[in-house]
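**Q**
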Amino acid sequence: MRKKRLGFKQVKLLFVKLVLSLFLLSIAWVLLYRWVAPPATLHMIKRRAEAGAADKANPGIAYDFVGLEEMSEQLPLAVVASEDQLFLQHNGFDVDAIMDAFKRNQKGGNIRGGSTISQQVAKNVFLWHGRSYLRKGVEAYFTVLIEVLWGKQRIMEVYLNIAEMGDGVFGVEAASQKYFKKPAKDLGRQQAALLAAVLPNPIKFSAKNPSGYTLRRRSKIARAMGRLGGTTYIKAILPEKVEK
464 MRKKRLGFKQ VKLLFVKLVL SLFLLSIAWV LLYRWVAPPA TLHMIKRRAE AGAADKANPG
524 IAYDFVGLEE MSEQLPLAVV ASEDQLFLQH NGFDVDAIMD AFKRNQKGGN IRGGSTISQQ
584 VAKNVFLWHG RSYLRKGVEA YFTVLIEVLW GKQRIMEVYL NIAEMGDGVF GVEAASQKYF
644 KKPAKDLGRQ QAALLAAVLP NPIKFSAKNP SGYTLRRRSK IARAMGRLGG TTYIKAILPE
704 KVEK
């Protein structure tokens, strides 16, 4: 009996050490990406593998991480207007949006999400895509971590760099170069709104050859950007301009 009790204590201690190690590893991982650009995400790797399996002529991934100061101020405004208008107010979760999405999904039809920009970053940078309760739980954990350890400005910067904006095209710099032949810092309101318009489904919707629906969505987002008050609305997360 004594050996059994000792064995249980050892297993319990091992479990505690494992949990503590995973916790510290997750903290270190999040802190690393606070200053270092993610080299890739699981979703990028998946897209690259799918392209290779489909024998595409150019199966590579277009991804060029740039700082928020190297982007047009219209870009963060566009995704806030389109994806998460309470981004600056919430602590990572929009409870009302989550409950609304849950009620709509209970009625059947197309599955709708209530994820904030913070949740999308947590999912895309640290996790795999899926709809299991386990993944959602881990997503919530990483969402809290980045809200605490990164802050809103870094979350927005990473989001605009890792969001898929076309087949194999990730981030605003790669998308700007591909679709508009210029850097992300030179985009205007309509172009920023167009990139935001394809975010719900960047494979179905195209910024290069936008459908009537995509163009209508672009106009709706551009109007929302104006109603929010323009870039003044997101002033708190914009990099300070250096006087020359």
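Mapped onto the working numbering, the consecutive letters of the sequence shown carry residue numbers 464 to 707. Just so you know, even glycine gets a beta-carbon here, dropped at the ideal spot from N, CA and C.
1. What is the rounded straight-line gap between the Cα of residue 632 and the Cα of residue 472?
2. Along the chain, where does the beta strand (DSSP E) containing residue 546 start, and where does it finish?
3. CB-CB under 6 Å to residue 511, same chain, minus the five flanking residues each way: which ones, in chain order?
4. Please classify residue 574: is it buried, with 16 or more other beta-carbons within 10 angstroms of its beta-carbon, or exposed?
5. What are the start and end residues of each continuous alpha helix (DSSP H) run of 4 or more residues lying completely inside the region 471-535, in chain order?
6. Fully enclosed by the region 593-636, which alpha helix (DSSP H) runs are 4 residues long or longer?
7. With a threshold of 8 Å, are at least 3 pairs of Cβ atoms found where one atom belongs to the region 639-646 and the other to the region 604-619?
8. Counting Cβ pairs, one atom from each stretch, are 3 or more of them under 8 Å apart for the region 548-564 and the region 659-666?
9. Please check the pair residue 554 and residue 610, which I expect to be a contact at CB under 8 Å, by giving their CB distance rounded to whole angstroms.
10. Please say whether residue 652 and residue 687 have beta carbons closer to each other than 8 Å?
11. For the region 622-631 and the region 579-593, state whether three or more C-beta atom pairs, one from each stretch, are separated by less than 8 Å.
12. Between the Cα of residue 659 and those of 537, 489 and 480, spot the shortest distance and give me the residue it belongs to.
13. By how many angstroms is the C-alpha of residue 592 removed from the C-alpha of residue 600?
14. In its own chain, which residues sit with a C-beta less than 7 Å from the C-beta of residue 647, not counting the 5 before and 5 after it?
15. Enumerate in chain order the residues of its own chain whose CB-to-CB distance from residue 503 is below 8 Å, with the five nearest sequence positions on each side excluded.
16. Using the C-alpha atoms, what's the distance from residue 501 back to residue 507?
17. Rounded to whole angstroms, what is the Cα-Cα separation between residue 464 and residue 475?
18. Of the choices 692, 701, 675 and 699, whose alpha-carbon is the least far from that of residue 544?
19. Run the CB neighbour count on residue 668, radius 10 Å, all protein chains shown included, and call it buried at 16 or more, exposed below.
20. What's the C-alpha gap between residue 557 and residue 582?
21. Tell me the DSSP secondary structure of residue 552 in three-state form.
22. Verify whether the separation of the beta carbon atoms of residue 580 and residue 607 is less than 8 Å.
23. Sort 694, 655, 690 and 696 by Cα distance to residue 677 and report the nearest one.
24. Quick check on the burial criterion: 16 or more other C-beta atoms within 10 angstroms. Buried or exposed for residue 490?
25. What is the DSSP secondary structure of residue 691, counted as helix, strand or coil?
**A** From the atom records:
1. For the pair residue 632 and residue 472, the Cα-to-Cα distance works out to about 51 Å.
2. Premise fails: residue 546 lies in the alpha helix (DSSP H), 537-546, not in any beta strand (DSSP E).
3. Cβ neighbours of residue 511 beyond the five flanking positions: 524.
4. Caution applies to residue 574, whose pLDDT of 49 falls short of 50 and renders its modelled position unreliable; the value that the coordinates give is listed next. Result: exposed.
5. Qualifying alpha helix (DSSP H) stretches, in chain order: 505-516.
6. Correct list: 596-612 and 615-625.
7. Contact fails: fewer than three Cβ-Cβ distances are below 8 Å.
8. In short, these stretches do not touch, since the Cβ pair count stays below three.
9. Between residue 610 and residue 554 the Cβ distance is about 6 Å, and since that is below 8 Å, they are a contact.
10. It is not a contact, given that the beta carbons lie outside the stated cut-off.
11. Yes: the two stretches touch, three or more of their Cβ pairs being nearer than 8 Å.
12. Of the candidates 537, 489 and 480, 537 places its Cα closest to the Cα of residue 659.
13. Answer to the nearest angstrom: the Cα atoms are 13 Å apart.
14. Its chain contains 529, 533, 534, 535, 538, 635, 636 and 639 as the residues whose beta carbon lies nearer than 7 Å to that of residue 647, once the 5 sequence neighbours on both sides are disregarded; these appear in chain order.
15. Residues of the same chain with a CB within less than 8 Å of the CB of residue 503, apart from the 5 flanking positions on each side, are 524 and 526 in chain order.
16. The alpha-carbon atoms of residue 507 and residue 501 are separated by roughly 11 Å.
17. With a pLDDT of 45 at residue 464, under the threshold of 50, the modelled position of this residue cannot be trusted; read the value that follows with caution. Cα to Cα, the separation comes out at about 17 Å.
18. Comparing alpha carbon positions, the residue from 692, 701, 675 and 699 closest to residue 544 is 692.
19. Buried: at least 16 other Cβ atoms inside 10 Å.
20. Distance from the CA atom of residue 557 to the CA atom of residue 582, rounded to whole angstroms, is 10 Å.
21. DSSP places residue 552 in the coil class of the three-state scheme, outside both helix and strand.
22. No; because the gap between Cβ atoms is not below 8 Å, this pair is not in contact.
23. Between residue 677 and the set 694, 655, 690 and 696, the nearest pair of CA atoms involves 655.
24. With a 10 Å radius around the Cβ and a threshold of 16 neighbouring Cβ atoms, residue 490 comes out exposed.
25. Reduced to three states, the DSSP call for residue 691 is coil.
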